[in-house]
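Listed in order, the protein sequences are those of chains L and E. In terms of the numbering used here, the first sequence is numbered consecutively and its last residue is 297. In terms of the numbering used here, the second sequence is numbered consecutively and its last residue is 478. Glycine included, each C-beta is placed from N, C-alpha and C at the ideal position. Note that the structure is predicted; figures quoted are calculated from it, not measured.
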Amino acid sequence: MRRRLLIAVPYVWLLALFLIPFAVVFKISLSDIALAIPPYTPTAKDGIWNMLTGLDFENFVFLSEDDLYWKAYLSSLQIAFISTLLTLCVGYPMAYAMARAPEQWRPTLLMLVILPFWTSFLIRVYAWVGILSGEGFLNQFLLWIGVISTPLTILNTNTAVYIGIVYTYLPFMILPIYSALDRLDGSLIEAAEDLGCSRIKAFWLVTIPLSKNGIIAGCFLVFIPALGEFVIPSLLGGSGTLMIGKVLFEEFFSNRDWPVASAVAVILLLILIIPIVLFQRNEQRQAEAEK
Amino acid sequence: MKNLMLSTTAVVALAGAALADEVRVYNWSDYIDEDLLTKFEEETGIDLIYDVFDSNEVLETKMLAGSSGYDVVVPSGTFLQRQISAGAFQKLDVSKLPNAENLWDVVEARTAQYDPDNAYSINYMWGTTGIGVNVGKVQEILGEDAPMGSLELVFNPENMEKLQACGVHFLDAPTEMIPAALKFIGEDPDSHDPDVIAKAEPILLGVRPYVTKFHSSEYINALANGDICVAFGWSGDILQARDRAAEAENGVEIAYNAPSEGALMWFDQMAIPVDAPNPEAAHVFLNFIMDAQNMAQASNYVYYANGNEASKEFLVEDVIGDPAIYPDEATLENLYTTTPYPAKVQRTVTRMWTKVKSGT
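Below is the structure:
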């Protein structure tokens, strides 16, 4: 009895916080736009039977016929992929340095990584507007030291979006890698070096494979939210920055077309399910390996 | 135990009372003198919660979702008309609005085309959509005779290509930009014919590569700071930018021009949502706003004309005497209004707008 109850808890959680909201969104994605409250038809007010027979896949057909949405999905995948790689390149050395730092420094270093979370995410992204704009700190500084003679256009381009994503999600990359490197047994590297490996070779052959799980976890933690990111592209990106999170917002708020917005969301979810399943499988394997 | 229950009831009752004396207003950003908000609270004892938005579309989404929690909202004419037909607003109780006698019949006659008999709304402010320029920078780039008062400036790719270096913002509002593009090529700006509307697309796509950003509120600061040199935006917003630049004494000189080809005239109307938690207080707020001196204080601060005839005597010369705010007869004749698109045309319009903004 108690066991069943314990199993039931996560299922109720899943049902209440995922399946029911998803069913609502899916139902709206099969409806038609209307000028009413709520702005779609049919609704439960029309009777359950009428509501069910009034649903169709028209919006999904519409999405597949308009290349805007495919381009947005692809460009989101591209932006998420590249920024994940960049975050990894920046995050790994930081995590490595932290794991190699003297024992008594580590809590402080860890604290420094987490500290930015104490400020609102929105304000931190907004701060980048002030740094990157034409009259911003970065351009002022570069002009002052004489590297450039005219201000660089960074704000409102994809470069600014990459900077924003890398900055925002960096802790999500550092923390799992750090925890993997922290557990790494230093004697393994010593053994590799004793057996004739150069330091670089030992790093590639021992350290990287042993921190693989941290890298994978970090990459998923960055990739998945970056794919649906809305705030960063809308604050830092330009008119040419096409991301699905932005398209979703436009459909919902600017076009006031809830059914199409819901259809976009359903497809985004399907795209995200693949990496999430891969991630879970990796976690499971890791848990089993640790047993 | 009984005591505890009594005190709990008292607390609940108090909370209820506090709730009843609270009015939630959802207005456009940079659209009021904030001293007025404090004055309202002091005069009426009602707590005022004031939120802002910068797009009619966002407001409409909240209205059509229902239960927005707001008591007073401020949609523009065409959006008001759509939302009235969706059943989003309640009729005003005129008996609670004695200051309504201050309203200006000239404006009321125009707003009646969106809200027949003005049964659901009162006019807050009205203005035109036009071109804001950083005079110095634009003249530096295009020469002394730059067409700063003409749609040529923003819809002719040759001009825009040169201007992109110093930055151009367009409103992120298809219902403002498409009529302007149609006016530029001599079509009816209020056309609901998809074939005519489609003619705006090449115009907008032609200049799109040179637009720094489509945004409906950032341009105030961007113009004032000198980050951009041209903005296609709302009259008062640009005049506010002019004012901020003058205050900052940063050498930036901003000017607003209603396009000589004709400018869109719009009306922002205050209305009470059908499910407003406190319609009583909402009426008190509307009546407060319609007070001649209060309305004048708001206009003097935001540089928009209002629909309140009695307020005119309290307006400063900078506002009442500026034809960019209170247009003279000749300019008035050159202004046009638009009506809401039917649902099917709406989709064509929004899709075109997405294409314009994203390039696909």
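Residue-level contact to chain E via CB, residue i, 8 Å cutoff
{"i": "Lys51 (chain L)", "result": "no"}
{"i": "Gly202 (chain L)", "result": "no"}
{"i": "Ala42 (chain L)", "result": "yes"}
{"i": "Ile39 (chain L)", "result": "yes"}
{"i": "Asp73 (chain L)", "result": "yes"}
{"i": "Pro45 (chain L)", "result": "yes"}
{"i": "Lys207 (chain L)", "result": "no"}
Neighbourhood of residue i by C-beta, 7 Å cutoff - its chain only, sequence neighbours within 5 removed
{"i": "Val18 (chain L)", "result": "none"}
{"i": "Val272 (chain L)", "result": "Val31, Phe32, Ser35"}
{"i": "Val15 (chain L)", "result": "none"}
{"i": "Gly254 (chain E)", "result": "Glu371"}
{"i": "Pro441 (chain E)", "result": "Thr449"}
{"i": "Leu92 (chain L)", "result": "Tyr168, Val172"}
Interface flag, residue i vs chain L, CB-CB below 8 Å
{"i": "Arg326 (chain E)", "result": "yes"}
{"i": "Phe332 (chain E)", "result": "yes"}
{"i": "Gly261 (chain E)", "result": "no"}
{"i": "Val225 (chain E)", "result": "no"}
{"i": "Val329 (chain E)", "result": "yes"}
{"i": "Ala461 (chain E)", "result": "yes"}
Residues of its chain near residue i, where Cβ-Cβ distance is below 6 Å and the 5 sequence neighbours each way are ignored
{"i": "Met104 (chain L)", "result": "Leu115, Tyr184"}
{"i": "Met181 (chain E)", "result": "Gln201, Ala206"}
{"i": "Met278 (chain E)", "result": "Val325, Tyr328"}
{"i": "Ala363 (chain E)", "result": "Ala342, Val370, Ile372"}
{"i": "Ser378 (chain E)", "result": "Gly267, Ser268"}
{"i": "Trp264 (chain L)", "result": "Ile34, Pro45, Tyr46"}
Other residues of its chain near residue i: CB distance less than 8 Å, five sequence neighbours each side excluded
{"i": "Asp151 (chain E)", "result": "Gln415, Ala416, Asn418, Tyr419, Val420"}
{"i": "Asp393 (chain E)", "result": "Gly184, Ser185, Ser186"}
{"i": "Asp189 (chain E)", "result": "Val141, Arg142, Val143, Ile390, Pro391, Ala394, Pro395, Asn396, Pro397, Ala399, Ala400, Phe403"}
{"i": "Pro471 (chain E)", "result": "A quick correction: the sequence has Trp, not Pro, at residue 471 (chain E). Excluding sequence neighbours, Trp471 (chain E) sits near Pro292, Met295, Ile296."}
{"i": "Lys120 (chain E)", "result": "At Lys120 (chain E), the pLDDT of 47 sits below 50, so the modelled position is not reliable; the number obtained from the coordinates is stated separately. Around Lys120 (chain E): no qualifying Cβ."}
{"i": "Ile277 (chain L)", "result": "Tyr79, Leu83, Leu233"}
{"i": "Met408 (chain E)", "result": "Leu215, Asn217, Ala218, Asn220, Leu221, Ile240, Asn426"}
{"i": "Ile180 (chain L)", "result": "Gly97, Met100, Ala101, Met104, Val119, Gly224"}
Proximity test, residue i beta-carbon vs the ligand GDP heavy atom, cut-off 7 Å
{"i": "Gly261 (chain E)", "result": "Summarising the ligand content, the structure contains no ligands, and the ligand GDP is consequently not present."}
Cβ pair residue i, residue j closer than 8 Å
{"i": "Asn220 (chain E)", "j": "Ala410 (chain E)", "result": "yes"}
{"i": "Thr246 (chain E)", "j": "Ala381 (chain E)", "result": "yes"}
{"i": "Gln337 (chain E)", "j": "Ser353 (chain E)", "result": "Correcting the residue type first, residue 337 (chain E) is Tyr in the shown sequence and not Gln. Result no, Cβ atoms of Tyr337 (chain E) and Ser353 (chain E) do not sit closer than 8 Å."}
{"i": "Asp38 (chain L)", "j": "Thr47 (chain L)", "result": "yes"}
{"i": "Gly246 (chain L)", "j": "Ala166 (chain L)", "result": "no"}
{"i": "Phe232 (chain L)", "j": "Ser89 (chain L)", "result": "The sequence shown places Ala at residue 232 (chain L), not Phe. Yes, the pair counts as a contact, with Cβ atoms nearer than the cut-off."}
{"i": "Leu166 (chain E)", "j": "Leu177 (chain E)", "result": "no"}
{"i": "Trp244 (chain E)", "j": "Glu427 (chain E)", "result": "no"}
{"i": "Val228 (chain L)", "j": "Val131 (chain L)", "result": "no"}
{"i": "Leu41 (chain L)", "j": "Ala291 (chain E)", "result": "no"}
{"i": "Leu486 (chain E)", "j": "Ala299 (chain E)", "result": "With chain E covering only 119 through 478, there is no way to say anything about residue 486 (chain E)."}
{"i": "Leu69 (chain L)", "j": "Val270 (chain L)", "result": "yes"}
{"i": "Phe143 (chain L)", "j": "Ile137 (chain L)", "result": "yes"}
{"i": "Phe385 (chain E)", "j": "Gly195 (chain E)", "result": "yes"}
{"i": "Val266 (chain L)", "j": "Glu256 (chain L)", "result": "no"}
Contact list for residue i against chain L, beta-carbon separation under 7 Å
{"i": "Asp345 (chain E)", "result": "Ser139, Gly140, Glu141"}
{"i": "Lys475 (chain E)", "result": "Ser245"}
{"i": "Thr472 (chain E)", "result": "Leu74, Glu256"}
Residue i: contacting residues in chain L (beta-carbon distance under 9 Å)
{"i": "Thr468 (chain E)", "result": "Glu256, Glu257, Ser260, Asn261, Arg262, Asp263"}
Residues that residue i contacts on chain E, provided the C-beta gap is smaller than 8 Å
{"i": "Lys33 (chain L)", "result": "In chain order: nothing, as chain E lies at least about 16 Å away."}
Proximal chain E residues relative to residue i, where beta-carbon distance stays under 7 Å
{"i": "Lys77 (chain L)", "result": "Thr478"}
Members of the stretch 222-249 of chain L near chain E, C-beta cut-off 7 Å: Gly244, Ser245, Gly246, Leu248
Selection of the stretch 188-207 of chain E by Cβ proximity to chain L, strictly under 9 Å: Those would be Arg200, Gln201, Ser203, Ala204, Gly205, Ala206, in chain order.
Near-chain L residues of the stretch 157-184 of chain E - C-beta to any C-beta below 8 Å: Ser173, Glu175, Val176, Glu178, Thr179, Met181, Leu182, Ala183, Gly184
The stretch 249-277 of chain L: positions lying closer than 8 Å to chain E by Cβ: Val253, Glu256, Phe258, Phe259, Ser260, Asn261, Arg262, Asp263
Proximal residues, the stretch 150-163 of chain L versus chain E, C-beta separation under 8 Å: Asn162
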